[in-house]
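Residue numbers (my numbering): 11 to 146.
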């Protein structure tokens with residue numbers, strides 16, 4: 011049983027490393043002035059996959075730790091460690107969603123429209139009808 015736990019922890023270590031590398035790529039892309047939405051989308055799907063595999067491995071480790079008696083301290087340390095990755099994942103997902111939604115609005119087409127200059131009313135009563143007719 012201890013051997014299984016060691017193997018799972020080794021596997022979890024590689025999953026965490028992979029997750030951290032992908033998280034760093036996302037953060038680097040979000041820092042850019044004009045992040046590529048396509049690249050962000052790809053990175054988001056990659057980190058979702060990495061996180062799901064990490065969570066599966068973490069659940070197996072948690073089950074093994076709970077089977078071992080007198081393991082409350084080990085479980086608590088392991089849980090806090092796993093919680094850091096969960097929080098990081100949630101933070102990155104919300105950042106990338108927020109950033110991609112704001113970029114969609116800024117990438118709309120900009121049109122060059124002519125400037126319209128309205129005639130100004132000079133206060134003379136005989137010019138009022140021509141002034142008012144421009145609003146019809």
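Cβ atoms here follow ideal geometry from the backbone N, Cα and C, with glycine treated the same way.
Residue i - containing alpha helix (DSSP H), residue span
i           : result
residue 137 : Where residue 137 is concerned, there is no enclosing alpha helix (DSSP H), given that its DSSP letter is neither H nor E.
residue 70  : 47-77
Assumed close pair residue i, residue j - CB separation to whole angstroms, cut-off 8 Å
i           : j           : result
residue 95  : residue 74  : Wrong, their Cβ atoms sit about 18 Å apart, outside the cutoff.
residue 106 : residue 54  : 5 Å
residue 131 : residue 145 : With 8 Å as the limit, residue 131 and residue 145 do not qualify as a contact, their Cβ atoms being about 11 Å apart.
Residue nearest to residue i in terms of C-alpha spacing, selected from the options
i          : options            : result
residue 26 : 143, 15, 55 and 68 : 68
residue 60 : 132, 128 and 33    : 33
Reduced DSSP secondary structure (H/G/I, E/B, other) of residue i
i           : result
residue 44  : coil
residue 90  : helix
residue 126 : coil
residue 22  : helix
Close Cβ partners of residue i (< 7 Å) along its chain, the five nearest in sequence each way excluded
i           : result
residue 102 : 33, 36 and 57
residue 81  : 75
Own chain, CB closer than 8 Å to residue i, minus 5 neighbours either side, in chain order
i          : result
residue 71 : 15, 18, 19, 22 and 88
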